[in-house]
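Novice: Sending over a structure as C-alpha coordinates; questions will come in a sec.
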Amino acid sequence: MVPLGFALELPEGWEGHLAPRSSTFKTWGIIQTNSVGVVDDTYIGDNDQWHMPVYCLQGKDIKSENGEEVKGTWIRKGDKIGQFRIMEVMPEIEFEEVESFGNKDRGG
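Pasting the structure below:
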(Lines of atoms letter the chains of each structure in order from A and count residues from 1; the text may use other names and numbers.)
(Lines give C-alpha, C1' and ligand atoms only; values in the text may rest on other atoms or scores of the structure.)
Protein backbone atom coordinates (compact mmCIF):
# COMPACT_ATOMS: atom_id res chain seq x y z
CA MET A 1 0.00 0.00 0.00
CA VAL A 2 1.56 3.26 -1.12
CA PRO A 3 0.39 6.20 1.01
CA LEU A 4 -0.71 9.04 -1.25
CA GLY A 5 -0.15 11.78 1.30
CA PHE A 6 -3.65 13.22 1.50
CA ALA A 7 -7.15 12.66 2.86
CA LEU A 8 -10.47 14.10 1.69
CA GLU A 9 -13.85 14.49 3.29
CA LEU A 10 -16.19 13.80 0.39
CA PRO A 11 -19.74 15.14 0.54
CA GLU A 12 -22.45 12.58 1.28
CA GLY A 13 -23.49 10.81 -1.91
CA TRP A 14 -20.10 11.23 -3.60
CA GLU A 15 -17.12 8.87 -3.97
CA GLY A 16 -13.58 8.94 -5.29
CA HIS A 17 -12.39 6.61 -8.05
CA LEU A 18 -8.62 6.07 -7.88
CA ALA A 19 -6.73 4.71 -10.92
CA PRO A 20 -3.10 4.55 -12.05
CA ARG A 21 -1.78 7.13 -14.49
CA SER A 22 -1.10 5.84 -18.00
CA SER A 23 2.68 6.15 -17.42
CA THR A 24 2.73 4.38 -14.04
CA PHE A 25 3.70 0.90 -15.29
CA LYS A 26 6.30 2.19 -17.76
CA THR A 27 7.94 4.44 -15.16
CA TRP A 28 7.82 2.28 -12.01
CA GLY A 29 6.90 -1.23 -13.22
CA ILE A 30 3.91 -1.35 -10.86
CA ILE A 31 0.22 -2.09 -11.37
CA GLN A 32 -2.70 -1.18 -9.14
CA THR A 33 -3.92 -4.46 -7.66
CA ASN A 34 -7.61 -3.59 -7.41
CA SER A 35 -7.86 -2.03 -10.93
CA VAL A 36 -9.86 0.94 -9.66
CA GLY A 37 -10.10 1.92 -6.03
CA VAL A 38 -13.42 3.28 -4.80
CA VAL A 39 -13.28 5.54 -1.74
CA ASP A 40 -16.72 6.18 -0.26
CA ASP A 41 -17.96 9.19 1.69
CA THR A 42 -17.59 7.41 5.06
CA TYR A 43 -13.79 7.20 4.78
CA ILE A 44 -13.32 10.43 6.73
CA GLY A 45 -11.46 9.60 9.94
CA ASP A 46 -8.54 11.72 11.07
CA ASN A 47 -6.12 8.96 9.99
CA ASP A 48 -7.94 7.86 6.81
CA GLN A 49 -5.21 8.84 4.37
CA TRP A 50 -5.74 7.53 0.84
CA HIS A 51 -3.47 4.65 -0.23
CA MET A 52 -2.90 2.92 -3.56
CA PRO A 53 -2.48 -0.88 -3.48
CA VAL A 54 0.25 -1.75 -5.99
CA TYR A 55 2.34 -4.75 -7.03
CA CYS A 56 5.75 -4.48 -8.68
CA LEU A 57 5.87 -6.65 -11.82
CA GLN A 58 8.91 -5.19 -13.51
CA GLY A 59 11.78 -4.30 -11.20
CA LYS A 60 14.18 -1.59 -12.31
CA ASP A 61 17.85 -1.33 -11.33
CA ILE A 62 17.86 1.29 -8.60
CA LYS A 63 20.10 2.46 -5.77
CA SER A 64 18.71 1.89 -2.30
CA GLU A 65 19.01 4.52 0.42
CA ASN A 66 22.38 3.05 1.46
CA GLY A 67 23.72 3.22 -2.13
CA GLU A 68 23.38 -0.51 -2.84
CA GLU A 69 22.18 -1.59 -6.34
CA VAL A 70 18.89 -3.48 -6.04
CA LYS A 71 16.16 -4.69 -8.37
CA GLY A 72 12.77 -3.20 -7.58
CA THR A 73 11.17 0.18 -7.68
CA TRP A 74 11.37 3.31 -5.60
CA ILE A 75 8.44 5.70 -5.30
CA ARG A 76 9.45 9.02 -3.83
CA LYS A 77 7.32 11.65 -2.14
CA GLY A 78 5.74 13.78 -4.86
CA ASP A 79 5.90 11.10 -7.60
CA LYS A 80 2.65 11.04 -9.54
CA ILE A 81 1.54 7.39 -9.69
CA GLY A 82 -2.25 7.79 -9.64
CA GLN A 83 -5.18 10.00 -10.45
CA PHE A 84 -8.72 10.21 -9.17
CA ARG A 85 -12.16 11.49 -10.05
CA ILE A 86 -14.89 12.59 -7.69
CA MET A 87 -18.16 11.05 -8.85
CA GLU A 88 -21.72 10.97 -7.65
CA VAL A 89 -22.72 7.62 -6.16
CA MET A 90 -24.77 5.54 -8.60
CA PRO A 91 -28.46 5.52 -7.67
CA GLU A 92 -30.04 2.24 -6.58
CA ILE A 93 -31.37 0.25 -9.51
CA GLU A 94 -33.98 -2.47 -9.30
CA PHE A 95 -33.51 -5.42 -11.65
CA GLU A 96 -36.19 -7.66 -13.08
CA GLU A 97 -35.32 -11.29 -13.85
CA VAL A 98 -36.63 -12.51 -17.23
CA GLU A 99 -36.33 -15.75 -19.22
CA SER A 100 -35.63 -13.96 -22.51
CA PHE A 101 -34.96 -10.46 -23.78
CA GLY A 102 -36.68 -11.25 -27.09
CA ASN A 103 -33.77 -9.77 -29.06
CA LYS A 104 -31.58 -11.18 -31.85
CA ASP A 105 -28.28 -12.74 -30.65
CA ARG A 106 -25.03 -11.07 -31.73
CA GLY A 107 -22.81 -14.09 -31.06
CA GLY A 108 -21.77 -13.28 -27.49
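Numbering that gives the first Met the number 0 puts the first residue of the sequence shown at 0, with every later residue one more than the last. Even for Gly, the Cβ is constructed at its ideal location relative to N, Cα and C.
Just reading off the beta strand (DSSP E) that W27 is part of, what are its end residues?
Specialist: That residue, W27, is in no beta strand (DSSP E); its alpha helix (DSSP H) goes T23 to W27.
Novice: Of the residues Y54, G58 and R84, which one's Cα is nearest the Cα of D39?
Specialist: For the residues Y54, G58 and R84, the minimum Cα distance to D39 belongs to R84.
Novice: Going straight from the alpha carbon of M86 to that of R105, what length do you get?
Specialist: Between M86 and R105, the C-alpha separation is close to 33 Å.
Novice: For K79 and K59, what's the separation of their Cα atoms in angstroms?
Specialist: Going from the Cα of K79 to the Cα of K59 covers about 17 Å.
Novice: State the Cα-Cα distance for the pair C132 and E93, rounded to the nearest angstrom.
Specialist: Residue 132 is absent from the structure shown; the chain starts at 0 and stops at 107.
Novice: Please look up how many angstroms separate the CB atoms of G71 and L17, rounded, as I've assumed it's under 8 Å.
Specialist: About 23 Å separates the two Cβ atoms, so there is no contact after all.
Novice: With distance defined between alpha-carbon atoms, name the residue in T32, Y42, E67 and I43 nearest to V53.
Specialist: Minimum Cα distance to V53 is reached at T32.
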